[in-house]
Amino acid sequence: MNWPQQLIIVRHGQSAGNVARDAAHEALADRIALTNRDADVPLSDLGREQAQALGSWFSETHEDQRPDVLLSSPYVRALQTAEIFRDARGAAEQVPICFDERLREKEFGILDGLTTPGVANVFPDQAEFRRLLGKFYHRPPGGESWCDVILRLRSVLDTISLHYRGRRVMIFTHQVVVLCMRYIIETLDEAEILAIDREGDIANCAITEYRFDPDAGHDGKLILTRYNVTAPMKEQATTVTTAPDAIAGRRG
Numbered sequence: 002m003n004w005p006q007q008l009i010i011v012r013h014g015q016s017a018g019n020v021a022r023d024a025a026h027e028a029l030a031d032r033i034a035l036t037n038r039d040a041d042v043p044l045s046d047l048g049r050e051q052a053q054a055l056g057s058w059f060s061e062t063h064e065d066q067r068p069d070v071l072l073s074s075p076y077v078r079a080l081q082t083a084e085i086f087r088d089a090r091g092a093a094e095q096v097p098i099c100f101d102e103r104l105r106e107k108e109f110g111i112l113d114g115l116t117t118p119g120v121a122n123v124f125p126d127q128a129e130f131r132r133l134l135g136k137f138y139h140r141p142p143g144g145e146s147w148c149d150v151i152l153r154l155r156s157v158l159d160t161i162s163l164h165y166r167g168r169r170v171m172i173f174t175h176q177v178v179v180l181c182m183r184y185i186i187e188t189l190d191e192a193e194i195l196a197i198d199r200e201g202d203i204a205n206c207a208i209t210e211y212r213f214d215p216d217a218g219h220d221g222k223l224i225l226t227r228y229n230v231t232a233p234m235k236e237q238a239t240t241v242t243t244a245p246d247a248i249a250g251r252r253g
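In terms of the working numbering, the sequence shown has 45 at position 44, counting the first letter as 1, and numbering is strictly consecutive.
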C-alpha cells in the first residue's frame with residue numbers, strides 16, 4: 002500500500018474575501034473591495050465558527066479516526082482553519098501543521114480582485130478567451146489554468162504517497178484544489194470534473210474523504226467515501242457559506 006489509509010481534503014472556512022465578493026456582486030461592482038493580498042485574507046467570524054464546528058465534530062470520533070497528519074495551504078484562511086480545527090481537538094495538539102505552497106489557491110493573475118462582470122468590463126479579451134477555451138485550459142496572464150494547478154498537485158500526491166503511507170492525512174486548502182484533487186485521484190476527464198463543478202460550489206469547511214481499499218484495482222486505490230459534507234453547526238441559524246473563494250474574480 003503506497004497511499005494513506007485515509008485522505009481528507011477540507012475547503013477553508015468562510016473568508017473575509019467571500020463576504021467582500023458577495024457585497025461586490027450585490028453592488029454590481031467590477032472590483033472586490035479588499036486591501037489584503039489574496040494570501041493574507043483571513044477567516045470571517047462565521048469561518049472561524051465553521052472551523053471550530055469541524056474540529057469539534059472530529060473530536061467526538063475515536064482517536065484512531067482522527068487525522069495524524071495535517072497539511073495546509075500557506076494562505077492565511079486555510080492555515081487558520083487548520084489551527085482552529087486542531088485547537089478544537091479535531092487532531093491531537095502535538096500533530097504539527099505542515100504548510101505546502103503547492104496547495105495554494107489557483108492564481109488568477111491580472112484577473113485577481115475582479116468580479117465576473119468586472120472581467121468582462123475590464124478585460125473583454127480575456128473573457129472571450131475563457132469562453133473559447135473553457136475554465137479548464139484558460140490561463141490568464143500571470144495566472145494559472147486548472148491544468149497548471151493539476152500539475153503541481155500531482156507532485157503533492159507523490160509526496161503524500163511517499164511519506165504518509167498508511168497514515169490519516171487531512172489537507173486544508175481551496176475549492177479549485179479540491180476539485181483538481183478529485184480529477185487526479187479518480188482519473189476523471191475534463192468533462193467529468195466540470196460536470197461535478199456545475200453541480201454547485203463546495204461549502205466552506207466541507208470535507209472530501211477518501212479511504213484506501215487494498216482490494217480495488219491492481220494494487221489498491223483511494224475510494225471516495227464522502228464529498229462536500231459539512232459538520233453540524235451549534236446554532237441552527239448559522240448557515241454554511243457555499244460561495245466560491247472570493248479574492249480572485251472568477252473561481253478558476
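Backbone N, C-alpha and C define an ideal beta-carbon position, used for all residues, glycine too.
Query, Result
"Find the nearest neighbour of Pro142 within the set Asp113, Phe173, His26 and Asp31, judged by alpha-carbon distance.", "Asp113"
"Give me whichever residues DSSP pairs with Met171 in a beta bridge.", "Ile9 and Leu71"
"Is the beta carbon of Asp31 sitting closer than 8 Å to the one on Thr116?", "yes"
"How is the alpha helix (DSSP H) around Glu84 delimited, first residue to last?", "Val77 to Asp88"
"Could you compute how far the alpha carbon of Asp46 sits from the alpha carbon of Gly218?", "44 Å"
"Tell me where the alpha helix (DSSP H) around Ile151 begins and ends.", "Trp147 to His164"
"Starting from Asp214, follow the beta strand (DSSP E) in both directions and report where the run begins and ends.", "Ile208 to Asp214"
"Please list the terminal residues of the continuous alpha helix (DSSP H) segment that includes Tyr184.", "Gln176 to Ile186"
"To the nearest angstrom, how far is the alpha carbon of Asp65 from that of Phe59?", "11 Å"
"Are the beta-carbon atoms belonging to Asp149 and Arg155 less than 8 Å from one another?", "no"
"I need the DSSP call for Ser60, collapsed to helix, strand or coil.", "helix"
"Measure how close the beta-carbons of Val177 and Lys222 come, nearest whole angstrom, since I'm counting them as under 8 Å.", "Not a contact, Cβ separation roughly 23 Å."
"Determine whether the beta carbon atoms of Ser73 and Phe109 lie at a separation below 8 Å.", "no"
"Between Arg183, Thr62 and Gly48, which lies nearest to Leu80 when the distance is taken from Cα to Cα?", "Gly48"
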